[in-house]
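*Asks:* Numbering (the numbering used here), first residue to last: 1050 to 1176.
Yeah, the Cβ is synthetic: ideal placement off N, Cα and C, and Gly gets one too.
Fair warning: this is a prediction, and the values are worked out from it, not measured in the lab.
One structure, pasted below without further comment.
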């Protein structure tokens, strides 16, 4: 698991800063089953259907699945906005900076370094 980061929201909807991290995992479940589990976790945390980018208590996204590319409902892999989101790439680079990202194989660290300045992502120190 990557360190925890605090991030300003990108949404135009007023909301507090939020926390981000990434987890690398291995298993035998297919991505669609992991997505169902993620949605159950979100619902268990109190997430309600609402507008895109609205405040929510928990948001779990599948970003990458080694060797798998999917396009369309209910799941797109790699995540369609992965390369644009500093709040995702920063923790991902902390645990898998050399990982090649489709479609061009550039590393997570290289994609992160090429992002224009913008959203502040600060590491949360552990007590």
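Among the residues of its own chain, which have a CB less than 8 Å from the CB of residue 1080, if the five just before and after it don't count?
*Replies:* To locate residue 1080, count along the chain shown from 1; it is residue 31. The answer, listed in chain order, is 1111, 1114, 1117, 1119, 1124, 1126.
*Asks:* Pick out whichever of 1062, 1066, 1060 has its Cα sitting closest to the Cα of residue 1173.
*Replies:* One-based indexing of the chain shown puts residue 1173 at position 124. Minimum Cα distance to residue 1173 is reached at 1066.
*Asks:* To the nearest angstrom, report how far apart residue 1058 and residue 1064 are at their CA atoms.
*Replies:* Against the chain shown, residue 1058 aligns to sequence position 9. Against the chain shown, residue 1064 aligns to sequence position 15. The alpha-carbon atoms of residue 1058 and residue 1064 are separated by roughly 7 Å.
*Asks:* In whole angstroms, give me the CA-to-CA distance for residue 1166 and residue 1135.
*Replies:* Counting from one through the chain shown, the residue named residue 1166 turns up at place 117. Counting from one through the chain shown, the residue named residue 1135 turns up at place 86. Distance between the alpha carbons of residue 1166 and residue 1135: 9 Å.
*Asks:* Residues bridged to residue 1151 by DSSP?
*Replies:* Walking along the chain shown from the start, residue 1151 turns up at place 102. For residue 1151, which the question treats as bridged, DSSP gives no partner whatsoever.
*Asks:* How many angstroms separate the CA atom of residue 1090 from the CA atom of residue 1128?
*Replies:* For the purposes of this step, residue 1090 is taken as residue 41 along the chain shown, with counting starting at 1. For the purposes of this step, residue 1128 is taken as residue 79 along the chain shown, with counting starting at 1. Residue 1090 and residue 1128: Cα-Cα distance of roughly 19 Å.
*Asks:* Buried or exposed: which applies to residue 1086, given that a residue is buried once 16 or more other Cβ atoms fall within 10 Å of its Cβ?
*Replies:* Mapped onto the chain shown, residue 1086 falls at position 37. Answer is exposed; the Cβ neighbour count stays below 16.
*Asks:* Straight-line CA distance for residue 1061 to residue 1096?
*Replies:* Residue mapping note: residue 1061 aligns to position 12 of the chain shown, counting from 1. Residue mapping note: residue 1096 aligns to position 47 of the chain shown, counting from 1. So the two alpha carbons sit approximately 19 Å from each other.
*Asks:* Roughly how many angstroms lie between the CA atoms of residue 1074 and residue 1103, to the nearest whole one?
*Replies:* Counted from its first residue, the chain shown places residue 1074 at position 25. Counted from its first residue, the chain shown places residue 1103 at position 54. Distance between the alpha carbons of residue 1074 and residue 1103 is about 28 Å.
*Asks:* For my contact list, residue 1052 and residue 1143 are in at a C-beta cut-off of 8 Å; report their separation, rounded to the angstrom.
*Replies:* In the chain shown, the residue the question calls residue 1052 occupies position 3. In the chain shown, the residue the question calls residue 1143 occupies position 94. Confirmed, Cβ separation roughly 6 Å.
*Asks:* Determine, using beta carbons only, whether residue 1083 and residue 1140 come nearer to each other than 9 Å.
*Replies:* Within the chain shown, the letter at position 34 stands for residue 1083. Within the chain shown, the letter at position 91 stands for residue 1140. For residue 1083 and residue 1140, no; Cβs fall outside 9 Å.
*Asks:* Starting from residue 1137, follow its DSSP beta bridges and name the residues at the other end.
*Replies:* Mapped onto the chain shown, residue 1137 falls at position 88. Bridge partners of residue 1137: none, in fact.
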